[in-house]
Amino acid sequence: MDWFDRLPSREKERLRKRLRSPGEYERLRERVKGPEDLEREMEKNELLAELKFALETEPKIQEELRKEIEKDLREQGAEQILEAGNLTPKVQDALASGAFTVGIDVNPSSGNEQIVLQPEGNVAEKIPLQKSVSEQYTAGFMSAGSSEV
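All residue numbers for the sequence shown refer to my numbering, where the first residue is 46 and numbers rise by one.
Structure representation (structure tokens):
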């Protein structure tokens, strides 16, 4: 016996009627992912897992990515690279001097994993890169990884 069977008959009818409405059906249908969407998501997650493992185990890759991000921060500015708009002066100084580590973590606003910067020192916050920039670096890692094989 599930939760639906325990409801009074009037409540069951109300729920059935609502779920039969075209608007509700469309809303539920949008949340369902097709096989192509799932395949793309799995490939992305696999690539992020490989990048996360490489960042944790190979200091050379961590350093190269950090230098690339530091260069882009100088050239394009933090507003173009980072998702966070209002950074404290302490964080801005750490990012400008290159005193940060690169990692992969869940972005609290989107719920997706992406590349984040964590300033060194007593700063506990992780600053996510913009989604497009994160995907660009991830794709660069993929192409660099496939050329090494």
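Where a beta carbon is used, it is the ideal one built from N, C-alpha and C, also for glycine. From a predicted model like this one, the values you see are computed outputs, not experimental measurements.
Take the alpha-carbon of Ile106 and the one of Glu58: they are about 59 Å apart. Shortest Cα-Cα distance from Pro153 to any of Val147, Ile172, Ser142 involves Ile172.
Within a 10 Å sphere around the beta-carbon of Ala189 sit fewer than 16 other beta-carbons, which makes this residue exposed.
Spatial neighbours of Glu115 in its own chain (CB-CB distance under 7 Å, excluding positions within 5 residues in sequence) are listed in chain order as Gly143. The beta-bridge partner set that DSSP reports for Thr146 consists of Gln163.
In this model, Ala94 and Ile160 are separated by some 11 Å (Cα to Cα). In the structure shown, Glu75 falls within a helical segment according to DSSP collapsed to helix, strand and coil. Taken through DSSP and simplified to helix, strand or coil, Glu128 comes out as coil. Under the Cβ criterion (8 Å, minimum of three pairs), the segment 73 to 82 does not count as touching the segment 130 to 137.
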